[in-house]
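A.B. asks: In this note's numbering, the protein residues as written are 379 to 607. Quick one: structure below, then a few questions.
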């Protein structure tokens, strides 16, 4: 079974692609963010610890994150997986090497300009959490054409699912997005360099079309690398 990592800046669609690839390949999606949110909602001991770090605005310590990922991988008993949101540090990457081996890293490539514009158009239902986007993007950057269609609600400002009010999250404002991108680049650079030095297969995917097209590109790239039949 395949053991994959998906990398990419905030807004690149890591969660969307990881979920779909996991479904298609019959492997497990392991998202540290999803795990922590679940633990917080259940008010477990781990959830209470995580909530405290989040309240203070600091990262969850490596030792906690590593233990959570190790436990989840061990529970798979050899089944494949795709990691979303891990590893974020070289310490986490080294710990992962002690747990398992990685077959390939899917690296989502998308310019800051596109991310800022696209995330600025994201709208979230204040009641049920459904996600929409009001921005249609058609641009050429460095010779690459980006055509990203909107995902608007049927009625402006109103959720199709539950009729709730659509809002723009504070995280999706341009000035906040820029800061998030700076943090991502600072954190991800040493991790990416670590894996490249170890000769792990990198699959660079330009996110310049709608999700179904990108998913097919990922699957085709895995086949080309001999990782899929």
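Ideal Cβ positions, reconstructed from N, Cα and C, are used throughout, including at glycine. For clarity, every value in this text was computed on a predicted model and none was experimentally measured.
Taking the alpha helix (DSSP H) that residue 598 belongs to, which residues open and close that run?
C.D. replies: It spans 589-602 - the alpha helix (DSSP H) in which residue 598 sits, taken as one unbroken run.
A.B. asks: Less than 7 Å separating the beta-carbons of residue 511 and residue 500?
C.D. replies: yes
A.B. asks: Is the separation between the beta-carbon of residue 456 and that of residue 381 shorter than 7 Å?
C.D. replies: Residue 456 is not a Cβ neighbour of residue 381, given a cutoff of 7 Å.
A.B. asks: Among 522, 543 and 526, which residue has its Cα nearest to the Cα of residue 514?
C.D. replies: 526
A.B. asks: In terms of alpha-carbon separation, which member of 491, 487, 447 and 453 lies closest to residue 471?
C.D. replies: 447
A.B. asks: Let me know the secondary structure DSSP gives residue 423 once reduced to three states.
C.D. replies: helix
A.B. asks: Using only the alpha-carbon positions, how far apart do residue 502 and residue 394 sit?
C.D. replies: 15 Å
A.B. asks: At what residue ranges does the stretch 424-507 contain a whole run of the beta strand (DSSP E), taking only runs of 3 or more?
C.D. replies: Listed in chain order, the complete beta strand (DSSP E) runs (minimum 3 residues) inside the stretch 424-507 are 459-462, 482-487 and 500-503.
A.B. asks: The ligand ZN and residue 595: does the residue's C-beta get closer than 6 Å to at least one heavy atom of that ligand?
C.D. replies: Looking at this structure, you won't find the ligand ZN or any other ligand, since it has none at all.
A.B. asks: Using CA coordinates, which residue listed in 465, 577, 406 and 444 is at the minimum distance from residue 385?
C.D. replies: 465
A.B. asks: Quick one: what's got a C-beta closer than 7 Å to residue 542's C-beta in the same chain, skipping five residues either side?
C.D. replies: Apart from sequence neighbours up to five positions away, the residues of its chain that approach residue 542 with a beta-carbon distance below 7 Å are 503, 504, 505 and 506, ordered along the chain.
A.B. asks: Express the C-alpha separation of residue 558 and residue 491 in angstroms, rounding to a whole number.
C.D. replies: 13 Å
A.B. asks: Does the distance from the CB of residue 614 to the CB of residue 389 come in under 7 Å?
C.D. replies: With the chain running from 379 to 607 in the structure shown, residue 614 is simply not present.
A.B. asks: Just verifying my parser: in three-state terms, what is the DSSP assignment at residue 339?
C.D. replies: This structure gives no information on residue 339, because the portion of the chain shown stretches from 379 to 607.
A.B. asks: Which two residues bound the contiguous beta strand (DSSP E) that contains residue 522?
C.D. replies: 522-526
A.B. asks: Please name the residue, chosen from 425, 535, 517 and 573, that lies closest to residue 488 on a Cα-to-Cα basis.
C.D. replies: 517
A.B. asks: Give a yes or no on contact between the stretch 416-431 and the stretch 475-485, applying the rule of three or more CB pairs nearer than 8 Å.
C.D. replies: no
A.B. asks: Residues in its own chain within less than 8 Å of residue 600 by CB, not counting five upstream and five downstream?
C.D. replies: If we look at residue 600 and ignore the five residues flanking it on each side, its Cβ neighbours are 380, 482, 581 and 606.
A.B. asks: Which two residues bound the contiguous beta strand (DSSP E) that contains residue 401?
C.D. replies: Residue 401: not part of any beta strand (DSSP E); member of the alpha helix (DSSP H) spanning 392-403, first to last residue.
A.B. asks: Count the other C-beta atoms from every protein chain shown that fall within 10 angstroms of the C-beta of residue 520, then say buried if there are 16 or more, exposed otherwise.
C.D. replies: exposed
A.B. asks: Rounded to a whole number of angstroms, what is the C-alpha to C-alpha distance between residue 474 and residue 522?
C.D. replies: Straight-line spacing of the CA atoms in residue 474 and residue 522 works out to 34 Å.
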